[in-house]
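Single-structure report; data block below.
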Amino acid sequence: MAANDLIRLEHITQSFGKQERKFIAIQDVNLTLNEGEFVVLLGPSGSGKSTLLRIITGLQRPSEGQVIYHGKPLLGVNPSAAIVFQSFALFPWLTVQENVEVALKARGVARQERIQRTTALLDKVGLDGFETAYPRELSGGMRQKVGFARAMAVEPELLCLDEPFSALDVLSAESLRNELLELWQSGDIPTKLILMVTHNIEEAVLMADRIIIMDKHPGRIVADFPVALPHPRDRKAPQFLELVDNAYSILAGQTQPEHLEMGSAPGEPGLTRALPHVEVSAISGMLERLELESADIYRLREELELDSDHLLRLTEACELLGFATVRQGDITITPLGQTFAEASILARKEILASRIRRLPLFRWLLALINAAKDKYLDWDVVITALELEFPSDEAERQLSTAINWARYAELFAYDDDEAVIYLPEDSPTPAVS
Ligand code: ADP
Ligand code: MG
291 MAANDLIRLE HITQSFGKQE RKFIAIQDVN LTLNEGEFVV LLGPSGSGKS
341 TLLRIITGLQ RPSEGQVIYH GKPLLGVNPS AAIVFQSFAL FPWLTVQENV
391 EVALKARGVA RQERIQRTTA LLDKVGLDGF ETAYPRELSG GMRQKVGFAR
441 AMAVEPELLC LDEPFSALDV LSAESLRNEL LELWQSGDIP TKLILMVTHN
491 IEEAVLMADR IIIMDKHPGR IVADFPVALP HPRDRKAPQF LELVDNAYSI
541 LAGQTQPEHL EMGSAPGEPG LTRALPHVEV SAISGMLERL ELESADIYRL
591 REELELDSDH LLRLTEACEL LGFATVRQGD ITITPLGQTF AEASILARKE
641 ILASRIRRLP LFRWLLALIN AAKDKYLDWD VVITALELEF PSDEAERQLS
691 TAINWARYAE LFAYDDDEAV IYLPEDSPTP AVS
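Residue numbers for the sequence shown follow the working numbering, beginning at 291 and rising by one.
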């Protein structure tokens, strides 16, 4: 046992129900979490992430196995732990200050110290000036900050966060992420370990020292790897994108060598893989169907009333993007595909952008745009280059499909009137070479 391990999970299994209705939510999870780590749990809905948090904090007793905390078996609720949920339940009749103080009062902290600690914390999370406000007067982001302050007030050694940013708008989420990271890194808080659940892969790579990926049926750990990038992290840095891709690939269960899966860019040696001509909306529809259950491809053809060509292109697109796998005529959604199907439109855009950025055709297009004067690229120029790889009508279809996907993912934009491709304003797109 390492000197700095805080938590050990030994053969944790959690089942619900009895006999033939028995359902295994978590199967034989073994894990050591160390002091000083910011650990992120990633995985599709139903993979047992929330259940694992409840077990780790002692809110729930596992069916089998045990939690070892500081070298001793955990019995009952862990008093050194706090959990922050997706949307924090604040007491509407209490002020911001009182909502935080409640947690301290419950632990018997004296009034004077309660006030002092609460004031200092509200200041730390950027809520000074709002002490006397009521929850209804606050934005979602600010309410979540009060939730954080309340969790931090008890100075938890172990801080667990269950999708804490997923209900927030983009800007509030980003600012709250930064504030949490700053607090954590400042060393001003006594917290020794943060364990955060998220659906958001980029968020995981942005914040974690270590990422643990879970899959379901049954819920289990399928990957566990470090993120050794210094803070503050640059979302556009190649190492960052590589880790994001890595996490995506694990979720997508892709095993083929990259060059077979992806092909090459136009002009590069090797075969340029043609994009299957389907619209993103059709891909979404397919995934929403597959989320319910895997299907026999031919049965699916009848059910969705698609012609076989279209269905084959759809299947190929889902496979190419890592959203589904096909085996012996059955098509099955991957954890990544499921994450996409469950995601908000905004998160879907991010997922698709991450996926298509890896495809050589898109890498090549982005490099062309970035190299172009004024960052504008004429349709005709691209077609001319593509015609070296594809027959001319196919070249046009390739570009139309690429534009459909890229527009959805907001990777680049297209002006129909001028027939030019360009980068949208504030494009998060890195200049990939
Ligand atoms: P996640 O947080 O990864 O989405 P959960 O931990 O919430 O997953 O749930 C894992 C699985 O266990 C799900 O299939 C869920 O329906 C099931 N589950 C969780 N809690 C209970 C419970 N109290 N009774 C029955 N099934 C449960
Ligand atoms: Mg959950």
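Here a beta-carbon is modelled for each residue, glycine too, at the ideal position from N, C-alpha and C.
Neighbour-count burial assignment, residue i, 16 or more Cβ in a 10 Å radius
i	result
V460	exposed
L601	buried
E708	exposed
I302	buried
N490	buried
Q618	exposed
E492	buried
P718	Residue confidence is low: P718 scores 48 on pLDDT, short of 50, so the model does not pin down where it sits. Its coordinate-derived value is still stated next. With fewer than 16 Cβ atoms within 10 Å of its Cβ, P718 is classed as exposed.
W383	exposed
S723	The predicted model places S723 with a pLDDT of 37, which falls under 50 and marks its position as unreliable, so this point remains unresolved.
G366	exposed
A721	Bear in mind that a pLDDT of 42 at A721, under 50, signals an unreliable position, so the number given afterwards is only what the model happens to contain. A721 should be labelled exposed.
D505	buried
T562	buried
R525	exposed
P520	exposed
Q406	exposed
S644	buried
A537	buried
P363	exposed
E592	exposed
L678	exposed
P334	buried
Q732	Beyond the ends of the chain as shown, which are 291 and 723, falls residue 732; an answer cannot be given.
CB of residue i within 9 Å of CB of residue j, strictly
i	j	result
D452	S340	yes
L342	V319	yes
Y712	L642	no
L594	F630	no
E569	N694	yes
L448	I297	yes
V444	R397	yes
V392	L417	no
P446	M486	no
F652	L701	yes
Y359	S377	no
S465	G419	no
L411	E403	no
P681	S554	no
A675	L656	no
L565	L626	no
P508	I314	yes
G326	D499	yes
T488	L332	yes
A703	A696	yes
V415	M442	yes
A699	K639	yes
A633	I623	no
Residue closest to residue i, alpha-carbon to alpha-carbon, out of the options
i	options	result
Y588	D597, I501, L582	D597
L496	R603, E583, V330, A443	V330
I345	G333, A372, Y424, F328	A372
Q317	S337, E325, L323	S337
A518	L533, V672, I484	L533
K482	F306, L658, D295, P528	D295
I503	L321, A696, G557	L321
L580	I621, A633, L470, L689	I621
A494	Y698, L471, E354	L471
E300	E427, Y704, S644, G361	G361
I484	V512, F438, S456	F438
R426	T385, L689, S574, G612	T385
V672	G557, D586, S584	G557
L636	S456, L604, L678, F530	S456
Q387	V512, V616, E421, I573	E421
F328	N660, S574, Q475, K312	Q475
Residue i, enclosing alpha helix (DSSP H) - first and last residue
i	result
P528	528-542
S740	As displayed, the chain neither begins before 291 nor continues past 723, which places residue 740 out of reach and without an answer.
L394	386-396
R404	401-414
Residue i - containing beta strand (DSSP E), residue span
i	result
I479	Note, I479: premise wrong, no beta strand (DSSP E); not H, not E.
F328	328-332
A731	The question about residue 731 has no answer, for the chain in this structure spans 291 to 723.
R510	510-516
G355	354-359
S554	Here S554 belongs to no beta strand (DSSP E), and DSSP marks it neither H nor E.
L299	295-306
Cβ of residue i within 9 Å of any chain C Cβ
i	result
I587	Within the model displayed, chain C is absent; a lone protein chain is all it includes.
Residue i CB to nearest heavy atom of ligand 3 below 8 Å
i	result
M552	In the structure shown, ligand 3 is absent; the only ligands present are ligand 1 and ligand 2.
| field | Contact shell at 7 Å, judged by CB to any heavy atom of ligand 2, ordered along the chain | value | S335, K339, S340, D452, E453, V487
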